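For what it's worth, the UniProt record's numbering labels the leading residue of the sequence shown as 1, then goes sequentially. Using N, Cα and C, we set each Cβ at its ideal position, and we do this for glycine too. Just so you know, these numbers come straight off a predicted model, no measurement behind them. To start, the structure itself, in structure tokens.
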Amino acid sequence: MAAKAVREAGYHDTRLTNAHTQYVRREDRELFGKYNVIANTTGAWFVNDENNEIALGDRAKELFLMKTLIKNGSKITLSSDYSASELGHEPLKNIEMIVTRQVYGEKDFPVLEPVEERLTIEEAIEAYTINAAYQVRMDDKIGSIEEGKYADLVVLGENIFETDTYSIHRIPVVMTITNGKVVYNTNNIGSVVVKCC
Numbered sequence: 001m002a003a004k005a006v007r008e009a010g011y012h013d014t015r016l017t018n019a020h021t022q023y024v025r026r027e028d029r030e031l032f033g034k035y036n037v038i039a040n041t042t043g044a045w046f047v048n049d050e051n052n053e054i055a056l057g058d059r060a061k062e063l064f065l066m067k068t069l070i071k072n073g074s075k076i077t078l079s080s081d082y083s084a085s086e087l088g089h090e091p092l093k094n095i096e097m098i099v100t101r102q103v104y105g106e107k108d109f110p111v112l113e114p115v116e117e118r119l120t121i122e123e124a125i126e127a128y129t130i131n132a133a134y135q136v137r138m139d140d141k142i143g144s145i146e147e148g149k150y151a152d153l154v155v156l157g158e159n160i161f162e163t164d165t166y167s168i169h170r171i172p173v174v175m176t177i178t179n180g181k182v183v184y185n186t187n188n189i190g191s192v193v194v195k196c197c
């Protein structure tokens, strides 16, 4: 693994990222955490595809083992891969697919095995926010709601933790705030007070 050479050369603060993380060999899974390698992927690919088994044989059941990588100490980040993967350019759809390992909104769609590799909603949100900020060395400025950080956030019309998992993609974004300024507002949020800066 190239990460070993980077760390042995003394570059301990370099934030290494493996993009398009889909299949990681068994012997490399622990190395992601050991060498502090970020695993980046997109939830749009977390669906059962018959071509996977044709191309990969038994390895098709070892795709997107993000839960394993997290348990081994790696950070996971999610992104859209737009425009190559138009399905995944909406974060809520991606979150739903990485949590269900199925096509968004399709309870009866075959699950991408192994089912134990489903991420929690919290893990998926962290992958989109604080972990992504860490990946690009901006975790001191963005990625979480804290005093002194940019106020970049969305307000959802429903509580994502209480919504049916197969309806996450339907949750409306009712407000977007960028650097403390409201840049999108549906005026459907009731009484929300935003204090910033």
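CB-CB under 7 Å to T68, same chain, minus the five flanking residues each way: which ones, in chain order?
Numbered from 1 along the sequence shown, position 68 holds the residue referred to as residue 68. Cβ within range, chain order: R29, E117.
By the three-class DSSP mapping on this structure, what secondary structure does C197 have?
Taking the sequence shown and counting its residues from 1, the one referred to as residue 197 is at position 197. Low confidence applies to C197: its pLDDT is 41, below 50, so where it sits in the model is not reliable enough to give any reading.
Which residues in the same chain have their Cβ closer than 8 Å to the Cβ of N48, if we skip the five residues on either side of it in sequence?
Counting from one through the sequence shown, the residue named residue 48 turns up at place 48. So the qualifying residues of the chain are R101, Q102, F109, P110, V111, L112, E113.
Length at least 4, wholly inside the segment 119–175: the alpha helix (DSSP H) runs in chain order
121–128, 130–135
Pull up the CB-CB distance for T132 and G143, whole angstroms please, since I reckon it's below 8 Å.
Residue 132 sits at position 132 when you count from the first residue of the sequence shown. Residue 143 sits at position 143 when you count from the first residue of the sequence shown. The amino acid at residue 132 is misidentified as Thr; the sequence shows Ala. Sure, about 7 Å apart at Cβ, within 8 Å.
Pick out whichever of K75, F46, A44 has its Cα sitting closest to the Cα of M34.
Locating residue 34 in the sequence shown gives position 34, counting from the first residue. For the sequence presented, residue 34 should be read as Lys rather than Met. If we check each option's Cα against that of K34, K75 comes out closest.
DSSP state of A84, grouped into three classes?
To locate residue 84, count along the sequence shown from 1; it is residue 84. Looking at A84 - three-state DSSP - the assignment turns out to be coil, as it is neither helix nor strand.
When L31, I54, E50 are compared against G73, the one with the closest alpha-carbon
Here residue 73 is taken as the residue at index 73 of the sequence shown, counted from 1. Selected option, being the one with the closest Cα: L31.
Helix, strand or coil at T17 according to DSSP, with G and I counted as helix
For the purposes of this step, residue 17 is taken as residue 17 along the sequence shown, with counting starting at 1. Strand, per DSSP.
Chain-order list of residues whose beta-carbon lies under 6 Å from that of A2 (same chain, five-residue window excluded):
One-based indexing of the sequence shown puts residue 2 at position 2. There are no such residues.
Contact the segment 120–132 vs the segment 46–65: 3+ CB pairs below 8 Å
no
Are there 16 or more other CB atoms within 10 angstroms of the CB of Y104, so buried, or fewer, so exposed?
Indexing the sequence shown from 1 puts residue 104 at position 104. Classification of Y104: buried, given that the 10 Å Cβ count is 16 or more.
Should E8 go down as buried or exposed, given a rule of 16 or more other Cβ atoms within 10 Å for buried?
Position 8 of the sequence shown, counting from 1, holds the residue named residue 8. The residue is exposed, with fewer than 16 neighbouring Cβ atoms inside 10 Å.
Check the C-beta distance from A19 over to N40 and give it rounded, since I have them as a contact under 8 Å.
Locating residue 19 in the sequence shown gives position 19, where the first residue counts as 1. Locating residue 40 in the sequence shown gives position 40, where the first residue counts as 1. Right, the Cβ-Cβ distance comes to about 5 Å (below 8 Å), so this counts as a contact.
To the nearest angstrom, report how far apart N185 and N159 are at their CA atoms.
Your numbering for residue 185 matches position 185 in the sequence shown. Your numbering for residue 159 matches position 159 in the sequence shown. Near 17 Å, if we compare the C-alpha coordinates of N159 and N185.
Is the shortest distance between the beta-carbon of Y184 and the beta-carbons of chain D less than 8 Å?
Looking for chain D here will not work: only one protein chain is present.
Given a cut-off of 8 Å on the beta-carbon distance, is the pair V115 and L65 in contact?
As a working mapping, residue 115 is identified with position 115 in the sequence shown. As a working mapping, residue 65 is identified with position 65 in the sequence shown. It is not a contact, given that the beta carbons lie outside the stated cut-off.
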